[in-house]
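Participant: Take a look at this one; I'll ask things after.
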Amino acid sequence: MTAAGTTDVQAVAEAGYSAEHIKVLKGLEAVRKRPGMYIGDTDDGSGLHHMVFELVDNAIDEAQAGFCELVRVVIHGDGSVSVRDDGRGIPVALHEGEGRSAAEVIMTELHSGGKFDQNAYKVSGGLHGVGLSVVNALSVQLDLEIDRDGHSWRQTYSRGVPEAPIESVAELENPEDTGTGIRFRPDPEVFTRLAFDYNVLAQRLRELSFLNRGIAISLFDERTGKGAKFEYEGGIASFVSHLGRNKTALHPDPVYLRSEMGEAGSSESVEVALQWNDSYQERIYCFTNTINNRDGGTHLSGLRSALTRTVNAYVASSGLGKNLKEKLSGEDIREGLVAIVSVKVQDPKFSSQTKEKLVSSEVRGWVESTVGEQLSAFLEENPRDAKRIVEKVVEAARAREAARKARELTRRKGALDSSNLPGKLADCSERDPAHAELFLVEGDSAGGSAKQGRDRRFQAVLPLKGKILNVERARLDKMLSSEEIRTLIQALGTGIGTEDFDADRLRYHKLIIMCDADVDGSHIRTLILTFFYRQMKELIDRGHLFIAQPPLYKVTEGRRSSYLKDDEEYHDYLVERIRRSWQVALPNGDVDDPTVFEGDRLRVLLDRLASFRRSLESLSARGIPRDALRAAIAGGIRDRDSLADRERVELTAQVIEASGFHDVSVEEGLTGLYRIEFRSRRDGVDRQVTIDEALVTGADFRSLTANEQGLEAWRSPSIRLRRVNGSTATDDVEAESVDEALDALFEAAKKGVSIQRYKGLGEMNPSQLWETTMDPERRRMLLVEIDDDRYDETDGIFTTLMGEKVEPRREFIEKNALNATNLDI
Numbered sequence: 059m060t061a062a063g064t065t066d067v068q069a070v071a072e073a074g075y076s077a078e079h080i081k082v083l084k085g086l087e088a089v090r091k092r093p094g095m096y097i098g099d100t101d102d103g104s105g106l107h108h109m110v111f112e113l114v115d116n117a118i119d120e121a122q123a124g125f126c127e128l129v130r131v132v133i134h135g136d137g138s139v140s141v142r143d144d145g146r147g148i149p150v151a152l153h154e155g156e157g158r159s160a161a162e163v164i165m166t167e168l169h170s171g172g173k174f175d176q177n178a179y180k181v182s183g184g185l186h187g188v189g190l191s192v193v194n195a196l197s198v199q200l201d202l203e204i205d206r207d208g209h210s211w212r213q214t215y216s217r218g219v220p221e222a223p224i225e226s227v228a229e230l231e232n233p234e235d236t237g238t239g240i241r242f243r244p245d246p247e248v249f250t251r252l253a254f255d256y257n258v259l260a261q262r263l264r265e266l267s268f269l270n271r272g273i274a275i276s277l278f279d280e281r282t283g284k285g286a287k288f289e290y291e292g293g294i295a296s297f298v299s300h301l302g303r304n305k306t307a308l309h310p311d312p313v314y315l316r317s318e319m320g321e322a323g324s325s326e327s328v329e330v331a332l333q334w335n336d337s338y339q340e341r342i343y344c345f346t347n348t349i350n351n352r353d354g355g356t357h358l359s360g361l362r363s364a365l366t367r368t369v370n371a372y373v374a375s376s377g378l379g380k381n382l383k384e385k386l387s388g389e390d391i392r393e394g395l396v397a398i399v400s401v402k403v404q405d406p407k408f409s410s411q412t413k414e415k416l417v418s419s420e421v422r423g424w425v426e427s428t429v430g431e432q433l434s435a436f437l438e439e440n441p442r443d444a445k446r447i448v449e450k451v452v453e454a455a456r457a458r459e460a461a462r463k464a465r466e467l468t469r470r471k472g473a474l475d476s477s478n479l480p481g482k483l484a485d486c487s488e489r490d491p492a493h494a495e496l497f498l499v500e501g502d503s504a505g506g507s508a509k510q511g512r513d514r515r516f517q518a519v520l521p522l523k524g525k526i527l528n529v530e531r532a533r534l535d536k537m538l539s540s541e542e543i544r545t546l547i548q549a550l551g552t553g554i555g556t557e558d559f560d561a562d563r564l565r566y567h568k569l570i571i572m573c574d575a576d577v578d579g580s581h582i583r584t585l586i587l588t589f590f591y592r593q594m595k596e597l598i599d600r601g602h603l604f605i606a607q608p609p610l611y612k613v614t615e616g617r618r619s620s621y622l623k624d625d626e627e628y629h630d631y632l633v634e635r636i637r638r639s640w641q642v643a644l645p646n647g648d649v650d651d652p653t654v655f656e657g658d659r660l661r662v663l664l665d666r667l668a669s670f671r672r673s674l675e676s677l678s679a680r681g682i683p684r685d686a687l688r689a690a691i692a693g694g695i696r697d698r699d700s701l702a703d704r705e706r707v708e709l710t711a712q713v714i715e716a717s718g719f720h721d722v723s724v725e726e727g728l729t730g731l732y733r734i735e736f737r738s739r740r741d742g743v744d745r746q747v748t749i750d751e752a753l754v755t756g757a758d759f760r761s762l763t764a765n766e767q768g769l770e771a772w773r774s775p776s777i778r779l780r781r782v783n784g785s786t787a788t789d790d791v792e793a794e795s796v797d798e799a800l801d802a803l804f805e806a807a808k809k810g811v812s813i814q815r816y817k818g819l820g821e822m823n824p825s826q827l828w829e830t831t832m833d834p835e836r837r838r839m840l841l842v843e844i845d846d847d848r849y850d851e852t853d854g855i856f857t858t859l860m861g862e863k864v865e866p867r868r869e870f871i872e873k874n875a876l877n878a879t880n881l882d883i
């Protein structure tokens, strides 16, 4: 032992180690001390959403037991979330062993609840009995409402501590009504991110509806007015169809396999749904008691093993693969496969509390036998579908063999050998991958500037010529025939394909995509992202892929230059110049004593006005005339509730008609809300326009109404703008409208400044490129991440934008074109 080590041991010994050093974390204290052990990461948003999923999983357990049909989830405007079900309701009677209500025990004690009694729940997602208590512990406030035993019961908690015992607050009109409602607000002392993502919640709730045939789940976001109801009678077969909706299926209906397990009435089961399509990727998702096991487990192993054995056996017996030199591999058989495997078992074993991986060994055999027997029967009974599937997997096997030969050939030529680096690569001298960077640059022009401007010690540059191959539509053998793809693989050093790829051989731990901020640059960036997502996803998962953020503007005042990232920063720059140099005087009915806005007060108003203007322009681009929008706001239409007031809606309709629009009418919808319909003439064409719930709950209209409040003073017929130099005001400018005042201020802010807008990286000289985009001390980059909670959305976007089908892409463009820039797909 070294001297230093001896000293450390002595220090510990002198400090003492006795019974008083042993800490016991009681109750929910352990949860607040180590929240990650129970719900996952508290910084990246996954743990935050896991709180909602824990509550929903409890409602699903009630549904699986046959006592719940409807679950309602609401994201509230104050940052809280409520989950309500029509299940049996948490018991409220006194718990004999605890001397408190059973509900309070469940809410405040870990490992309590009905999940440990198989008479209460045969199968359950809330395995460990910690869900409700953990949510309670990590909430700054939680309100519990239970309908049971003819009464409505309520109790409030603060960071897991009850403020008072549970009490009955009312008798139910229908004594048979039951259910549980929980509304919680996450604790800012625990969570870094507090904003719930509607799309993350929607994807999980959709999953649960697919996995639990017959249950309806609704989601509503009060912040945006967005909502959805999920109810799928087709179960996991519908789930598979949904996942493959933008691909061409090889057989019309998913293959559905199911078997009961265990003793009669045990509710244990295996469900599998399979469908092959014309893509080159496999998508298999695994669930245990409706919990998504992202890392798979024994059910996935059973499925893969059964697929390989069963399809190979059928190919051999049918003679469809007689020209194959070897058996089909598992990868061949799973190419283009979308599959769901869902098991419901008593007492499942997981690798952790977050249930990412199933480790129950007996499940593998159950899944394997179910798939083996029933898939064999399907292939025998459906020869036409079986032939299409076999043709697909045989083609995949031949492509794999062709790719192997292509790899061998290119390897002999040194085209994939990382020791023989491509000539286009300007390598760095650093040999430790952890400290090395590779810039993937669009074109030779920008590549030349990047090569000259880089720090050669640790920065390498690889120019990519033209638009690289779209790998979404290509197998590995075709990829290897692409010079740019081969060059990229060679530079990375990882190899490619399931047999050769090894992320540990990556030569640079920062891979930085650097493209122009134009249409072509966006397309090339998307192609590169598609390559990494489909072929080297592990590099993204490990945090190696970045996107450079070169500035869009260079502004020069005198001898001082600065760079601005985008239009938003450019706007902020101009506003700051206005704030320093201008006053705005509004008469407000008294010309001799106007209201003066300057400094920070003026900046806030300018930001609000600019946001109001952007929302107005966005809605106008969608065909809603500006005058009609102003009339709607003047009439009092501000939110969804406004449309329930017929008198207000009719008054607004009169204001719209007075603004010059014709054929104005008020109609009542099925939900009891009113809408205003009228015709507008624009560019010589009559258009039908509707002001309804969809419009007023949209983000643009809500932004419009939010920013309009407080701007009444700006409707003055005379707005005076004054330039301020020191303490004196000069250069008065009169403006007759808000738009005129804004235009005058922003034009004045541009005077005396040289403004350059970059169209591409090639316009920067090497020193500018280093200063703005490559210098680690000053550059900005985006880390490319894949949100596991939104796997369907991520995969769907790549399939829609880069896949073979034109119709989904056309629908996507039509839906998003008004909000898109640099779209070239």
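In the working numbering, the protein residues as written are 59 to 883.
Glycine included, C-beta positions come from ideal geometry on N, C-alpha and C.
These figures come from a predicted structure and were not determined experimentally.
Below 8 Å on the Cβ atoms is my contact criterion, and I expect residue 738 with residue 719 to pass it. Report the Cβ-Cβ distance as a whole number of Å.
Facilitator: 6 Å
Participant: Applying the criterion that 16 or more other CB atoms from any shown protein chain within 10 Å of the CB defines a buried residue, is residue 79 buried or exposed?
Facilitator: Note that residue 79 scores a pLDDT of 39, beneath 50, so its modelled location is shaky; the value from the coordinates is reported in the next line. Burial call: exposed.
Participant: Determine the burial state of residue 114: buried for a count of at least 16 other Cβ atoms within 10 Å of its Cβ, exposed for fewer.
Facilitator: buried
Participant: Buried or exposed: residue 614, going by 16 or more other Cβ atoms within 10 Å of its Cβ?
Facilitator: exposed
Participant: Give me the residue from 740, 452, 393 with the minimum Cα distance to residue 373.
Facilitator: 452
Participant: Quick check: what's the CA-CA separation for residue 459 versus residue 370?
Facilitator: Answer to the nearest angstrom: the Cα atoms are 17 Å apart.
Participant: When you compare the CB positions of residue 885 and residue 607, do they come within less than 8 Å of one another, or not?
Facilitator: Residue numbering for the chain in the displayed model covers 59 to 883; residue 885 lies beyond these limits and cannot be assessed.
Participant: Flag this pair as touching only if the segment 263-276 and the segment 217-228 have three or more C-beta atom pairs under 8 Å; answer yes or no.
Facilitator: no
Participant: Between residue 288 and the rest of its own chain, which residues show a CB-CB distance below 6 Å, the 5 nearest in sequence each way excluded?
Facilitator: 263, 264, 267, 275
Participant: Can you name the start and end residues of the alpha helix (DSSP H) that residue 757 belongs to?
Facilitator: 757-766
Participant: Are the CB atoms of residue 884 and residue 245 nearer to each other than 8 Å?
Facilitator: One cannot answer for residue 884 here, as it falls past the ends of the chain, which runs 59 to 883.
Participant: Which residues mark the beginning and the end of the beta strand (DSSP E) in which residue 824 is found?
Facilitator: First-last for residue 824: 824-827, but that is the alpha helix (DSSP H), not the beta strand (DSSP E).
Participant: Could you give the residue range of the beta strand (DSSP E) that holds residue 278?
Facilitator: Its beta strand (DSSP E) spans residues 274-279.
Participant: Here's a check: name, in chain order, each residue in its chain whose Cβ is nearer than 7 Å to the Cβ of residue 441, leaving out the five neighbours to either side.
Facilitator: none
Participant: Name, in chain order, the residues that DSSP records as bridge partners for residue 240.
Facilitator: 141, 202, per the DSSP bridge assignment.
Participant: Report the residue ranges of all beta strand (DSSP E) runs contained in full by the segment 317-371; include only those spanning at least 3 residues, in chain order.
Facilitator: 326-334, 341-346
Participant: For residue 746, which three-state DSSP category applies?
Facilitator: strand
Participant: In three-state DSSP terms, what is residue 897?
Facilitator: With the chain covering only 59 through 883, there is no way to say anything about residue 897.
Participant: Considering only C-alpha positions, which residue in the set 86, 485, 520, 109 is nearest to residue 133?
Facilitator: Selected option, being the one with the closest Cα: 109.
Participant: Please classify residue 493 as buried or exposed, where buried requires at least 16 other C-beta atoms within 10 Å of its C-beta.
Facilitator: exposed
Participant: Ignoring anything shorter than 4 residues, give me the alpha helix (DSSP H) runs that lie fully in the segment 556-602, in order along the chain.
Facilitator: 577-593, 595-599
Participant: Buried or exposed, going by whether 16 or more other CB atoms sit within 10 Å of the CB of residue 763?
Facilitator: buried
Participant: For residue 93, name the three-state secondary structure that DSSP assigns.
Facilitator: coil
Participant: If we call anything under 8 Å between Cβ atoms a contact, is residue 357 one with residue 429?
Facilitator: No, these two residues do not count as a Cβ contact at 8 Å.
Participant: Kindly give me the distance between the Cβ atoms of residue 269 and residue 400, rounded to whole angstroms, as I take these residues to be in contact under 8 Å.
Facilitator: 6 Å
Participant: For residue 240, collect the residues of the same chain with a Cβ closer than 8 Å to its Cβ; drop the 5 residues on either side in sequence, then sort them by chain order.
Facilitator: The residues are 113, 140, 141, 142, 190, 193, 200, 201, 202, 203.
Participant: Under the rule that 16 or more other beta-carbon atoms within 10 Å means buried, what is residue 838, buried or exposed?
Facilitator: exposed
Participant: Smallest Cα separation from residue 842: which of 601, 626, 704?
Facilitator: 601
Participant: Who are the Cβ neighbours of residue 175 in its own chain at under 8 Å, not counting the five residues just before and after it?
Facilitator: Confidence at residue 175 is low in this model, with a pLDDT of 45, below 50, so its placement is unreliable and the value that follows should be read with caution. Counting only Cβ-Cβ distances below 8 Å, and skipping sequence neighbours, we find nothing.
Participant: Cα-Cα, which of 678, 631, 724, 507 is closest to residue 665?
Facilitator: 631
Participant: Is the distance from the Cβ of residue 546 to the Cβ of residue 520 below 8 Å?
Facilitator: yes
Participant: Looking at C-alpha atoms only, which residue of 116, 136, 161, 166 is the closest neighbour of residue 88?
Facilitator: Measuring C-alpha to C-alpha distances from residue 88 to each of 116, 136, 161, 166 identifies 166 as the nearest.
Participant: Going by C-alpha distance, which of 483, 564, 122, 283 is nearest residue 752?
Facilitator: Comparing Cα-Cα distances from residue 752 to each of 483, 564, 122, 283, the minimum goes to 283.
Participant: Per DSSP, what kind of secondary structure is residue 496 in: helix, strand or coil?
Facilitator: strand
Participant: I'd like the span of the beta strand (DSSP E) that includes residue 285, first residue to last.
Facilitator: 284-288
Participant: So what does DSSP say about residue 407, is it helix, strand or coil?
Facilitator: Residue 407: coil per DSSP, three-state reduction.
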